[in-house]
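Some notes on the structure that comes next.
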Amino acid sequence: MKYIDEFQDPALARRLLDEIRETVTRPWALMEVCGGQTHTIIRHGIDQLLPDKVELIHGPGCPVCVTPLEVIDKALEIASRPDVIFCSFGDMLRVPGTDRDLFQVRSHGGDVRVVYSPLDALKIAQQNPHREVVFFGIGFETTAPPNAMTVHQARKLGIPNFSLLVSHVRVPPAIEAIMTSPSCRVQAFLAAGHVCSVMGTREYPELAERFGVPIVVTGFEPLDILEGIRRTVCQLERGEHTVDNAYPRAVRPEGNPAAQAMLADVFEVTDRAWRGIGTIAASGWRLSERYREYDAEYRFSVEGITTREPDACRSGEVLQGLIKPHECEAFGGSCTPRSPLGATMVSSEGACAAYYLYRRLGIPSTPQEASPVA
């Protein structure tokens, strides 16, 4: 708790806010990439405490939210089979597919289990050799290494009844897609510290230079966010666009070589669809040819599923930073955590969930002076 408290100090937060106010001279739009950062910002009111000239745009950094509808439907199809034990992290169970979710599959007799690690699913496969065990592997560069390691272990231990339903995505191609969009307003990025702790920062300088945007690697506590914003605003005001690591206690430039080696062994880069956004080239991973027998899509022949998003759901616009959650007509009415239209309302990192949880139910009024620490 000592180290958490140090990064939630109200006096230091006020000092950082004062420095930001003294520095900014013109409007700037910054995007925080990670959904965990979005929740910190909304929970502590950081966006409302910033000067009017600094706008925070919420990015597509929620792994549950960007898992495409067709992959959710594939998960539902596989989980409904009587010979399958389907394992997932808990926040995937309420994500709506076309006509149901994993909770409903379980209520109709499907063996859907919440696990806390992919290795838990591998253990279940060892304990149930006569049933197929599938783990729902989603997420960014942070969750991909343990999922890769689990597949590697399944092959090493000779566990044939384990497979992985893969929907892993990569951050740098998403940044490129955002910057090349005709509707892009983003002038700088707060990069996700946990992603960079795995992959390092080597992919970002080229993006910063090509698009002329500062990229500041940032942590997840209130002071981490404020320091990242301060450094970003300083760069923007000076006309600079470099990669700056504001999270050195967790991120090294080279990242985690062991995790990267595991990713290179088990996965290969592929085009990947993002829910509400579309397909982004080279933005994801799939199991490599060496491990293809552990790919649940191939094992259960569910490659051909096609879907359509609900017309009332505007989560794709939220994920692209085009609107704030409360600007969606369905928000808080026909779309709530109990009856969600999209994943952004049910995920623990979803922007819509953050706005609903922390009662941002309408267009914000003039920012009020308050402490950004809960």
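Numbering-wise, the sequence shown is residues -3 to 370 according to the working numbering. All C-beta atoms, glycine included, are put in the ideal place defined by N, C-alpha and C. Fair warning: this is a prediction, and the values are worked out from it, not measured in the lab.
Those residues which DSSP pairs with residue i across a bridge
i    : result
E128 : V80
S163 : I134
A187 : V213
H54  : E28
S335 : T332
F158 : V129
N241 : V213
Of the listed residues the options, nearest to residue i (C-alpha basis)
i    : options                   : result
S84  : A246, P114, G93 and E137  : P114
G55  : V239, L259, L161 and L186 : L186
M195 : L219, D220, R166 and E205 : R166
Q44  : L222, V110 and G135       : L222
A184 : S311, V50 and G93         : V50
G224 : E233, R356, I211 and R109 : I211
V101 : R227, R288 and A75        : A75
E15  : P64, E233, P253 and K70   : E233
Check whether residue i and residue j have beta carbons under 8 Å apart
i    : j    : result
W281 : E299 : no
A150 : L259 : no
D220 : F82  : no
T197 : P249 : yes
G154 : A246 : no
V262 : V147 : yes
C192 : V213 : yes
A9   : P218 : yes
L98  : R271 : no
V239 : Y200 : yes
I301 : E128 : no
E80  : V130 : The question names Glu, but residue 80 is Val in the sequence shown. Yes, these two residues count as a Cβ contact at 8 Å.
Continuous alpha helix (DSSP H) stretch holding residue i: start and end
i    : result
F207 : Y200 to F207
R17  : P6 to T19
N417 : Nothing can be reported for residue 417: it is not among the residues displayed for the chain, which extend from -3 to 370.
D116 : P114 to Q123
D43  : I42 to L45
R102 : L98 to S103
A326 : Neither: A326 is in no alpha helix (DSSP H) and is coded neither H nor E.
N- and C-terminal bounds of the beta strand (DSSP E) containing residue i
i    : result
G280 : G274 to L283
L26  : W24 to C30
E264 : F263 to W270
R108 : Contrary to the premise, residue 108 reads as Val rather than Arg in this sequence. Taken as a continuous stretch (DSSP letters only), the beta strand (DSSP E) holding V108 covers D107 to V110.
D291 : Element bounds for D291: n/a, residue is neither H nor E.
V67  : Looking at the DSSP string, V67 is not in any beta strand (DSSP E); the run it does join, the alpha helix (DSSP H), is L65 to A75.
D220 : Looking at the DSSP string, D220 is not in any beta strand (DSSP E); the run it does join, the alpha helix (DSSP H), is P218 to R234.
*Contact between the segment 321 to 341 and the segment 80 to 97 (3+ Cβ pairs under 8 Å)*: yes
*Meets three-Cβ-pair contact criterion under 8 Å: the segment 313 to 325 and the segment 343 to 358*: yes
*Touching or not, the segment 322 to 333 and the segment 290 to 298, by the rule of three or more beta carbon pairs under 8 Å?*
no
*Is it true that the segment 59 to 72 meets the segment 200 to 209, where meeting means three or more beta-carbon pairs spaced less than 8 Å apart?*
no
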